[in-house]
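In the UniProt record's numbering, the protein residues as written are 1 to 105. All residues carry an ideal CB built from backbone N, CA and C; glycine is no exception. Notes follow once the structure below has been shown.
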């Protein structure tokens, strides 16, 4: 299967977080456009996650430790780790989840 991001309609998963979702058999990719000031509350999930900051500045808290991330930075988020985030500027993020995020389909 071949896809092009320009042909995928974005979904607002949470306020200020618009995602173009791609699902494989064992993983999901979320291509996010995030509005400045948009926040993800503290949460955890069974999925292993890797976050890549493509553009912008993003404040991210993982297991109680807060850091500022910029373009090119990656964060590995283990299964069930508590985490939250806030876009300090408009951001583009890429999240990879395994297994598939069924609730994002």
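Reference residue i; option with closest CA among the options
| i | options | result |
| --- | --- | --- |
| residue 102 | 35, 24, 69 | 24 |
| residue 94 | 9, 38, 33 | 33 |
| residue 16 | 100, 91, 27 | 91 |
| residue 79 | 12, 62, 72, 70 | 62 |
| residue 104 | 19, 5, 3, 76 | 19 |
| residue 44 | 7, 77, 4 | 77 |
Supposed contact pair residue j and residue i - C-beta distance, whole angstroms, cut 8 Å
| i | j | result |
| --- | --- | --- |
| residue 74 | residue 52 | 5 Å |
| residue 68 | residue 59 | 6 Å |
Three-state class that DSSP yields for residue i in the structure shown
| i | result |
| --- | --- |
| residue 6 | helix |
Practice task
Only counting runs of 3 or more residues, tell me where the beta strand (DSSP E) segments fall wholly within the region 24-56, in order along the chain.
Solution key: 28-34, 39-43, 48-55
Handout entry: Stretch-stretch touch, CB-based, cutoff 8 Å, three pairs: the region 37-47 with the region 74-88
Key = yes
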